[in-house]
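First comes the structure, then the notes that go with it.
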Amino acid sequence: GAIVQVTRFQWSIFLLIAGTTGGASLFLYYFGLKRVTASLSTVCELCYPLSAMIFDYWINGRVLSLVQWLASGVLLTSILLISFDRRSAAA
4 GAIVQVTRFQ WSIFLLIAGT TGGASLFLYY FGLKRVTASL STVCELCYPL SAMIFDYWIN
64 GRVLSLVQWL ASGVLLTSIL LISFDRRSAA A
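Here it is as structure tokens:
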């Protein structure tokens, strides 16, 4: 198939990109986990797919399907529940 047609140079570029962007982002993520609570990290992680859907709408004009709207609602509800739980635990 097509994977056989990938040259050594292309593989090296792929590995360079994966190592620099993927490795750097994981390093920053675990470095940040030392400084924030797990619940805050969870809220931030849950915001990522939700923000991706919002940006896809704003930038590309793509409208969400019914399933995507439902998933967005579940994500938003989860974020709110975790946030309220954090506030009540702190009080």
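Sequential numbering from 4 applies to the sequence shown in this note's numbering. Note that the Cβ used here is the ideal one computed from N, Cα and C, for glycine as well. Computed from a prediction, not measured in an experiment: that's the story for all the values here.
Next item on the list: Look at L84 and S75 and say whether their C-beta atoms are less than 8 Å apart.
Entry: Their beta carbons are not under 8 Å apart, which means L84 does not touch S75 by this criterion.
Margin query: Between G64, S86, L53, which has its C-alpha nearest W72's C-alpha?
Written below: W72 has its Cα closest to that of L53, out of G64, S86, L53.
Item checked: Pair within 8 Å by beta-carbon distance, L36 and L78 -> Taking 8 Å as the cut-off, the Cβ atoms of L36 and L78 do not count as close.
Next item on the list: Would you kindly report the start and end of the unbroken alpha helix (DSSP H) that includes L49?
Entry: Residues 41 to 63.
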